[in-house]
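Q: Numbering (the numbering used here), first residue to last: 281 to 643. Ideal Cβ placement from N, Cα and C applies to all residues, glycine included. I am attaching a structure below and will ask some questions about it afterwards.
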Amino acid sequence: MQLKTNRPPMRVMLRRVNKQCHIGATVVFVHVLIAFDSERRNRHRSRQRLFNKRRLDASRTMVYHALLPARYCKKVSQSGQHLSQHSRRPSKSSCERTTFIYMATAAVNGIEINYRDTGGDGPVVLFSHGFMMNHTMFDAQLEALAPDYRCVAWDERGFGGTRATGPFTYWDSANDALALLDHLGIKQAVLAGMSQGGFLSMRAALTAPERVSGLIFIDSAADLDDPETLEGNQKMVHVFANGDDETRSFVFDIVGNMILGDEHLEAEWKPIWAQLDIDQIELAGATLLGRDDLVDRLGEISCPTLVIHGTEDAAISLDRGYLLANGVRDSRGVVEVAGAAHAPNMTHPDEVNVAIREFLQSL
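Encoded structure:
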């Protein structure tokens, strides 16, 4: 005898179970997507707030220094604007050790150069930034050195507040640096350049050796990139100019790790990179990729020269720093910054500041 039950057939039950499992999995998947999108939006809002704060602080600082006479003792960057929280800059409580930073523009060589000048009567140091960066990458150096030296940091063509009006070379950038010194009434200066800032500083020393009292190269080189590095730089410029926002964001991750290697600094700079004009990057990128080799001309550089280089630099290897140091006539050696990537002056400011100060004191 067959017992009858109200239970549906097994195949019907399996279909119901599968359907319930499918619905459950779908719900979980939707929740994951919602959570992921919420996290992405929160990260975007945080980065936007950080960028807006930096831009507002920059505007306030510019207006502040444009209007406030130097005789009034007000501390610059008290809240740390433009300065990395990881710069470990020394605190200054006295009015006498206050750093005044004047922001202005100079009309030279058919362009408007944006620059900052700490003023003072001390020896002059002109800081030139690297590719994708701007003058604020030297905030920690200006803060540390300004009590004893007149520090000038500027935006090169294509970056920060200085726009390129057409194709240019690093020889043009070298002339920009010299013209800026003319504009400021400075006859001679120590030129400190990071990466491409070193490229133009080197050319300035070859163009007008009597104007350059010393050279400081931070992760720079005189030779050209190897084919693999050159190809990588070409792809980077191409993707920036032609990629969508997601692809460009991926490039910023690579660039941030290569230049900085510090997630906190990367979070500060990625929103800035996202605001760069494509046409400016294309012009600056063509300059970077098309520069000439100066290894054979290093012997013409006779001023005291210091090389500072990160041991973990993936953009310009340490051995290229030694090649540069060994080629000039008055080399003061190579300071290796252990664990630093391409911008040791930002990630290891204390070590770099000590090296720079000791070099300046030796001149």
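Give the single residue among Val535, Ala621, Asn606 whose Cα lies nearest to the Cα of Asp593.
A: Checking every option, the nearest Cα to that of Asp593 belongs to Ala621.
Q: What does the alpha-carbon distance come out to for the pair Leu480 and Leu563?
A: Whole-angstrom Cα-Cα distance: 16 Å.
Q: On the DSSP letters alone, give me the boundaries of the beta strand (DSSP E) that Asp397 sits inside.
A: Asp397 -> beta strand (DSSP E) spans 391-397.
Q: Which residue wins for smallest C-alpha separation from Ala488, given the options Ala501, Val470, Pro551, Ala502?
A: Closest by alpha carbon: Val470.
Q: Measuring CB to CB, does Arg483 end up less than 9 Å from Val432?
A: No. Outside cutoff.
Q: Hey, out of Gly570, Leu569, Ser597, Val608, whose CA is closest to Cys583's CA?
A: With distances taken between Cα atoms, Cys583 lies closest to Val608.
Q: How about Gln421 and Val632: are their beta carbons less than 9 Å apart?
A: Their beta carbons are under 9 Å apart, which means Gln421 touches Val632 by this criterion.
Q: Which word fits Ala424, buried or exposed, when buried means at least 16 other C-beta atoms lie within 10 angstroms of its C-beta?
A: Answer is buried; the Cβ neighbour count reaches 16.
Q: Just how far apart, CA to CA, sit Gly613 and Asn389?
A: Going from the Cα of Gly613 to the Cα of Asn389 covers about 34 Å.
Q: According to DSSP, is Leu556 part of a helix, a strand, or is it coil?
A: The answer is coil: DSSP assigns Leu556 none of H, G, I, E or B.
Q: Determine the DSSP secondary structure at Ser481, reduced to helix, strand or coil.
A: Helix at Ser481.
Q: Alpha carbon to alpha carbon, how far is Asp559 from Pro681? Give it in angstroms, no decimals.
A: In the structure displayed, the chain extends from 281 to 643; residue 681 sits before or after that span and is not available.
Q: By alpha-carbon positions, which one of Gly565, Ala547, Asn625 ends up nearest to Val519?
A: Among Gly565, Ala547, Asn625, the Cα nearest to that of Val519 belongs to Gly565.
Q: Hey, out of Gln476, Asn513, Leu540, Ala454, whose CA is closest to Ala485's CA?
A: Among Gln476, Asn513, Leu540, Ala454, the Cα nearest to that of Ala485 is on Ala454.
Q: In angstroms, rounded to a whole number, what distance separates the CA positions of Tyr450 and Thr567?
A: Between Tyr450 and Thr567, the C-alpha separation is close to 7 Å.
Q: Around the Cβ of Pro507, are there at least 16 other Cβ atoms within 10 angstroms (buried) or fewer (exposed)?
A: Pro507 is exposed by the Cβ-count criterion.
Q: Indicate the three-state DSSP secondary structure (helix, strand or coil) for Met412 in the structure shown.
A: Coil at Met412, not helix or strand.
Q: What does the Cβ neighbour count give for Asp435, buried or exposed, with the cut at 16 atoms within 10 Å?
A: Buried, by the Cβ-count rule.
Q: Under the three-state reduction of DSSP, which class applies to Gly446: helix, strand or coil?
A: Here Gly446 sits in coil by DSSP.
Q: On a Cα-Cα basis, can you pick out the residue from Ala595, Phe418, Leu640 that is closest to Gly512?
A: Minimum Cα distance to Gly512 is reached at Ala595.
Q: Assign Leu563 to one of three DSSP states: helix, strand, or coil.
A: It is helical.
Q: Buried or exposed for Ala618, going by 16 or more other Cβ atoms inside 10 Å?
A: Label assigned to Ala618: exposed.
Q: Taking Ala501 and Leu604 to be in contact with their CB atoms under 8 Å, please state how far apart those CB atoms are, rounded to whole angstroms.
A: Yes, they are in contact, since the Cβ atoms of Ala501 and Leu604 sit about 6 Å apart, within 8 Å.
Q: Assuming Ala623 and Asp499 are in contact, meaning their beta carbons sit under 8 Å apart, how far apart are those beta carbons, in whole angstroms?
A: That pair is a contact at about 7 Å.
Q: Measuring only the C-alpha atoms, how far is Asn522 from Leu545?
A: Straight-line Cα distance between these residues: approximately 26 Å.
Q: Along the beta strand (DSSP E) that carries Val617, what are the first and last residues, could you check?
A: Unbroken beta strand (DSSP E) run through Val617: 611-617.
Q: Between Ile391, Phe532, Ser475, Gly400, which has its C-alpha nearest Leu556's C-alpha?
A: Residue Phe532 is the option with its Cα nearest to Leu556.
Q: Identify the continuous alpha helix (DSSP H) that holds Val517 and give its terminal residues.
A: Its alpha helix (DSSP H) spans residues 507-522.
Q: Excluding the 5 residues flanking Thr627 on each side, which residues of the same chain have their C-beta closer than 6 Å to its C-beta?
A: Same-chain partners within the cutoff: Asp542, Ala620.
Q: Might you give, ordered along the chain, the residues of its own chain that have their beta carbon closer than 7 Å to the beta carbon of His463, omitting 5 neighbours on each side?
A: Result list for His463: Ala386, Val388, in chain order.
Q: I'd like the span of the alpha helix (DSSP H) that includes Ser529, first residue to last.
A: Taken as a continuous stretch (DSSP letters only), the alpha helix (DSSP H) holding Ser529 covers 525-539.
Q: How would you call Gln641, buried or exposed, if buried means at least 16 neighbouring beta carbons within 10 angstroms?
A: Exposed: under 16 other Cβ atoms inside 10 Å.
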